[in-house]
RNA sequence: GGAGAGAUGGGAGAGUGGCUGAAUCCAACGGUUUGCUAAACCGUCGUACUCUGUAAGGGGUACCGCGAGUUCGAAUCUCGCUCUCUCCGCCA
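In this note's numbering, the protein residues as written are 370 to 794.
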């Protein structure tokens, strides 16, 4: 959520920022509503001050045996006026809140301005030694490989739940579990994260806190009977760990990592992009979440992106880093790097991770603050998160990039001790 | 699922209609004292919004789980909701 005071004081910055993000200009509307709001506040508070003052006099008058009926009548009227003003105030505040909840975050100044994904900027790429984009032998895609080697059974997954619910079988399941454990261990032991295993069903307040609601509500599963949402990412429960809290400056930066299954309805998306693992309703992801002081958050974003990259380097998976342009940035993000891994069968890059700095956008919604040691004042914290990484897309790259001409798959070295086997097939 | 009890500041815990933004204790922070530690003593010690001031600051309002109601006046009374705890049942 954007800060009303910031909008009031920097209308042109916000206007341009919203334009860059392909969002509706709400500046004038907010400023007008905010003026109304403050005028109601000063009127109502004036009356309340009067009411409190008179109320304090009443016991004294009563004690002195004076008649208070005239005062009672007057105060009754004041009370009515107050509740009238209060309800008007509430109405205005709800309007403001509603607009701001639907208004995206502004991009950081280092983000390239652009309309759509075509204007994202490739920052760097990393390719394993001897890697070639062209392949001499025929490359099987992950669906064919998974079927041939008995690792994945999309048909039975569909029977059990519906399309987009993959079933991992035998060594496919083991490989998946190995991958999750390897990523968690790396982040815990090499990158300094603390592991969290959060609930995967969360309440509405949590979904609101990280910004999935109200904007993305249609993409979420919802269990009506209990008012709970299956999480679309562990970002939601892990960021909400500190909702409504004031953290100590000395504890920052807080770095959490957690594995969870992720559930997405992906309403309205089917066709070519939905083959196999490319778009599924349930997938596994290891997520990194940081709570940072504002002045450090962009360094933390770089570090977090590197943490995700280290996983891919260790797995010997070719990848590239994109800096998203303003128009392609998600609702809550101020800056975001996408990490894409190479799929030789699809002959294209696939998004496997997204590392974002939300600055104070989520913190303001979720009311997550920290107390500065010098000023002692609470201030909104900056939140960041990044996939470290999503296994489904990663599995595509691992299977396809490590296949032998005979159609076997060599397990990446770092996963071998987790798997207990070195080659599949 | 059934029965009961409860929700007050960082924690414990008073407070049953005006003198309570909230006693007291603990923790924390600053200071005095001290060879060091401890103790003792003094002080500070919620958050948000708003007005005012260049600022330091000052004024006002709201908040005792959440929401509504009664009243001139609500932490205190009434209703609804949420959550927590205890007991019973069921259960991985």
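Glycine is no exception: its CB is placed at the ideal position from the N, C-alpha and C atoms.
None of these values were measured; they are calculated from a predicted model.
Could you have a look at residue 719 and say whether DSSP puts it in helix, strand or coil?
The residue labelled residue 719 in the question sits at position 350 within the first chain. The three-state reading of DSSP puts residue 719 in strand, counting E and B together.
What is the rounded straight-line gap between the Cα of residue 394 and the Cα of residue 664?
Working through the first chain from its first residue, we reach residue 394 at position 25. Working through the first chain from its first residue, we reach residue 664 at position 295. A straight line joining the alpha-carbon of residue 394 with that of residue 664 spans about 28 Å.
Which partner residues does residue 674 have in the DSSP bridge list?
Counting from one through the first chain, the residue named residue 674 turns up at place 305. Partner(s): none; residue 674 has no beta bridge.
Given residue 673, which residues of its chain have a CB within under 7 Å of its CB, disregarding the five upstream and five downstream residues?
Working through the first chain from its first residue, we reach residue 673 at position 304. The answer, listed in chain order, is 657, 659, 724, 753 and 755.
Beta-bridge partners of residue 680, as assigned by DSSP
Position 311 of the first chain, counted from the start, is the residue given in the question as residue 680. Note: residue 680 is not bridge-paired with any residue in the DSSP secondary-structure output.
In chain order, which continuous runs of the beta strand (DSSP E) of length 3 or greater are located wholly inside the segment 698 to 758?
Every beta strand (DSSP E) of 3 residues or more that sits fully in the segment 698 to 758 is shown, in chain order, as 704 to 712, 717 to 726, 737 to 740 and 747 to 749.
Alpha carbon to alpha carbon, what distance is there between residue 450 and residue 378?
Looking up residue 378 in the first chain gives position 9. Looking up residue 450 in the first chain gives position 81. The straight-line gap from Cα to Cα measures roughly 32 Å.
Given a cut-off of 9 Å, decide if residue 571 and residue 537 are closer than it, judged by their beta-carbon atoms.
Residue numbering aside, residue 537 sits at position 168 when the first chain is read from its first letter. Residue numbering aside, residue 571 sits at position 202 when the first chain is read from its first letter. In this structure, residue 571 does not lie closer than 9 Å to residue 537 by Cβ.
Environment of residue 666 [buried if 16+ CB atoms lie within 10 Å]:
Reading the first chain from its first residue, position 297 is the one you call residue 666. By the C-beta density criterion, residue 666 is buried, having at least 16 other C-beta atoms within 10 angstroms.
Taking a contact to mean a Cβ-Cβ separation below 9 Å, would you say residue 703 touches residue 388 in this structure?
In the first chain, the residue the question calls residue 703 occupies position 334. In the first chain, the residue the question calls residue 388 occupies position 19. Taking C-beta atoms as the reference points, residue 703 and residue 388 fail to come closer than 9 Å.
Looking at the unbroken alpha helix (DSSP H) that takes in residue 546, where does it start and where does it end?
Position 177 of the first chain, counted from the first residue, corresponds to residue 546. For residue 546, the enclosing alpha helix (DSSP H) begins and ends at 540 to 558.
From residue 661 to residue 671, what distance separates their C-alpha atoms?
Within the first chain, residue 661 is the residue found at index 292, counting from 1. Within the first chain, residue 671 is the residue found at index 302, counting from 1. Each residue's Cα considered, the two are about 13 Å apart.
The beta strand (DSSP E) with residue 631 in it runs from where to where?
Position 262 of the first chain, counted from the first residue, corresponds to residue 631. Where residue 631 is concerned, the enclosing beta strand (DSSP E) stretches over 623 to 632.
Do residue 515 and residue 565 have their C-beta atoms within less than 9 Å of each other?
Translated into the one-based positions of the first chain, residue 515 becomes position 146. Translated into the one-based positions of the first chain, residue 565 becomes position 196. Residue 565 sits away from residue 515, with the two beta carbons spaced by 9 Å or more.
Start and end of the beta strand (DSSP E) containing residue 616?
Position 247 of the first chain, counted from the first residue, corresponds to residue 616. That run of the beta strand (DSSP E) goes 614 to 617.
Counting pairs of beta carbons, one from the segment 600 to 617 and one from the segment 734 to 743, are three or more of them closer than 8 Å?
Flag = yes, the segment 600 to 617 and the segment 734 to 743 touch.
Could you spell out the range, first to last residue, of the beta strand (DSSP E) harbouring residue 391?
By one-based count along the first chain, residue 391 stands at place 22. Looking at the DSSP string, residue 391 is not in any beta strand (DSSP E), and its letter there is neither H nor E.
Within 10 angstroms of the Cβ of residue 430, are there 16 or more other Cβ atoms? Answer buried if so, exposed if not.
The sequence position of residue 430 within the first chain is 61, counting from 1. Taking every protein chain shown into account, the CB of residue 430 has fewer than 16 other CB atoms within 10 angstroms, so this residue is exposed.
From the DSSP output, in three-state form, read off residue 648 for me.
For this step, residue 648 is matched to residue 279 along the first chain. Coil, per DSSP.
Please report the residue range of the alpha helix (DSSP H) in which residue 444 lies.
Against the first chain, residue 444 aligns to sequence position 75. Here the alpha helix (DSSP H) through residue 444 covers 438 to 470.
Terminal residues of the alpha helix (DSSP H) in which residue 338 lies
In the structure as shown, the chain begins at 370 and stops at 794. Residue 338 is therefore absent and cannot be evaluated.
Span of the beta strand (DSSP E) holding residue 492?
The residue you call residue 492 lines up with position 123 of the first chain. In the DSSP assignment, residue 492 falls within the beta strand (DSSP E) that extends over 490 to 495.
Taking residue 492 as the reference, which of 689, 380 and 632 has the closest Cα?
Numbered from its first residue, the first chain carries residue 492 at position 123. Selected option, being the one with the closest Cα: 689.
For residue 575 versus residue 609, is the C-beta spacing smaller than 9 Å?
The count along the first chain starts at 1 and reaches residue 575 at position 206. The count along the first chain starts at 1 and reaches residue 609 at position 240. A contact, by the Cβ cut-off of 9 Å.
Can you give the Cα-Cα distance for residue 757 and residue 669, rounded to whole angstroms?
Locating residue 757 in the first chain gives position 388, where the first residue counts as 1. Locating residue 669 in the first chain gives position 300, where the first residue counts as 1. If I take the Cα positions, the gap works out to 14 Å.
Through-space distance from residue 479 to residue 718, alpha-carbon basis
Indexing the first chain from 1 puts residue 718 at position 349. Indexing the first chain from 1 puts residue 479 at position 110. Cα to Cα, the separation comes out at about 24 Å.
Between which residues of its own chain and residue 510 is the CB-CB distance below 6 Å, once the five residues before and five after are set aside?
Here the question's residue 510 lines up with position 141 in the first chain. Within the same chain, residue 510 has close Cβ partners 714.
Rounded C-alpha distance that separates residue 417 from residue 373:
For the purposes of this step, residue 417 is taken as the residue at position 48 of the first chain. For the purposes of this step, residue 373 is taken as the residue at position 4 of the first chain. Cα atoms of residue 417 and residue 373: separation of roughly 25 Å, rounded to the nearest angstrom.
DSSP-derived helix/strand/coil call for residue 774:
Here residue 774 is taken as the residue at index 405 of the first chain, counted from 1. The answer is coil: DSSP assigns residue 774 none of H, G, I, E or B.
In the DSSP assignment, what are the bridge partners of residue 657?
Along the first chain, read from residue 1 onward, the residue named residue 657 stands at position 288. In DSSP, residue 657 forms a bridge with 626 and 755.
List the endpoints of the continuous beta strand (DSSP E) containing residue 692.
Numbered from 1 along the first chain, position 323 holds the residue referred to as residue 692. 688 to 692 is the extent of the beta strand (DSSP E) around residue 692.
Three CB pairs or more closer than 8 Å across the segment 526 to 536 and the segment 740 to 750
Contact fails: fewer than three Cβ-Cβ distances are below 8 Å.
Specify the secondary structure class of residue 336 as computed by DSSP and reduced to three states.
The shown model of the chain, from 370 to 794, leaves out residue 336, and the question about it has no answer.
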